[in-house]
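A.B. asks:
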Amino acid sequence: MFLPSVLAASSFVSVQPGLIFWTLVTFVIVFFVLRWKAWGPILQLVQEREKQIASAIESAKRERAEAEKLLADQKTAIAEARRQAAEDTRRIQAEMEKFREELMAKSRKEAEDLKLSARREIEEQKTKAIAEVRAMAVDLSIEVASKLISERMDDSKHRALADQFVQGLPLSGTGAVRRSA
698 MFLPSVLAAS SFVSVQPGLI FWTLVTFVIV FFVLRWKAWG PILQLVQERE
748 KQIASAIESA KRERAEAEKL LADQKTAIAE ARRQAAEDTR RIQAEMEKFR
798 EELMAKSRKE AEDLKLSARR EIEEQKTKAI AEVRAMAVDL SIEVASKLIS
848 ERMDDSKHRA LADQFVQGLP LSGTGAVRRS A
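Every number in our numbering is 697 more than the matching position in the sequence shown, counting from 1.
Structure follows, in structure tokens:
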């Protein structure tokens, strides 16, 4: 049993020129058939795939450049929007301050006008009160004079005499008439 395995091993490593020839012929035939039938389509597929990859890379580069441009545009737009918002805020604050100042000036003017109007009203009422007091004083003095004087004078003489008396009376600081005793 040992002998057949030795013979098989020796035939496996021994050089056989016919086997070498047919192996080379088979290799060349398979090489040309593969080159003719498989190598061209495989190379064509590889080239197409290479073109697709190159196209995808170019497309990605363009899209990245476009994205970077859009990002720069967005950053510029955001900066412009912030600047515009700050400007609008400043403008609105200035308008509000101006409006507040106008409102304060208007309020002060209205208060001053009310104050002047009240003073005029007070002066008018004071003048009316003084006139009423004088009229009452005239009426009282006519009554007193008519009781004191036994002779009766007509009403116009009484009034003239009373007016002359009242005109001679000095006014006090409160607007009341002082009577002399």
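Quick reminder that beta carbons are idealized off the backbone N, C-alpha and C, glycines included.
Please state the DSSP three-state secondary structure of residue 864.
C.D. replies: Looking at residue 864 - three-state DSSP - the assignment turns out to be helix.
A.B. asks: When the Cα atoms are used, what is the spatial distance from residue 792 to residue 786?
C.D. replies: When rounded, the distance between both Cα atoms is 10 Å.
A.B. asks: Find out if the Cβ-Cβ distance for the pair residue 860, residue 835 is shorter than 8 Å.
C.D. replies: In this structure, residue 835 lies closer than 8 Å to residue 860 by Cβ.
A.B. asks: Taking the straight line between their C-alpha atoms, what separation do you get for residue 815 and residue 822?
C.D. replies: Approximately 10 Å between the Cα atoms of the pair.
A.B. asks: Between which two residues does the alpha helix (DSSP H) containing residue 733 stretch?
C.D. replies: No alpha helix (DSSP H) holds residue 733; DSSP gives it neither H nor E.
A.B. asks: Please classify residue 771: does DSSP put it in a helix, a strand, or coil?
C.D. replies: Correct three-state label for residue 771: helix.
A.B. asks: Report buried or exposed for residue 752, applying the criterion of at least 16 other Cβ atoms within 10 angstroms of its Cβ.
C.D. replies: Residue 752 should be labelled exposed.
A.B. asks: Output the distance between the C-alpha atoms of residue 748 and residue 728, rounded to the nearest integer angstrom.
C.D. replies: Going from the Cα of residue 748 to the Cα of residue 728 covers about 27 Å.
A.B. asks: Excluding the five sequence neighbours on either side, which residues of its own chain have a C-beta within less than 7 Å of the C-beta of residue 778, listed in chain order?
C.D. replies: Excluding sequence neighbours, residue 778 sits near nothing in its chain.
A.B. asks: Taking residue 838 as the reference, which of 828, 827, 863, 825 has the closest Cα?
C.D. replies: Nearest C-alpha to residue 838: 863.
A.B. asks: I need the straight-line Cα distance from residue 842 to residue 810, nearest angstrom please.
C.D. replies: Going by the C-alpha atoms only, they are around 47 Å apart.
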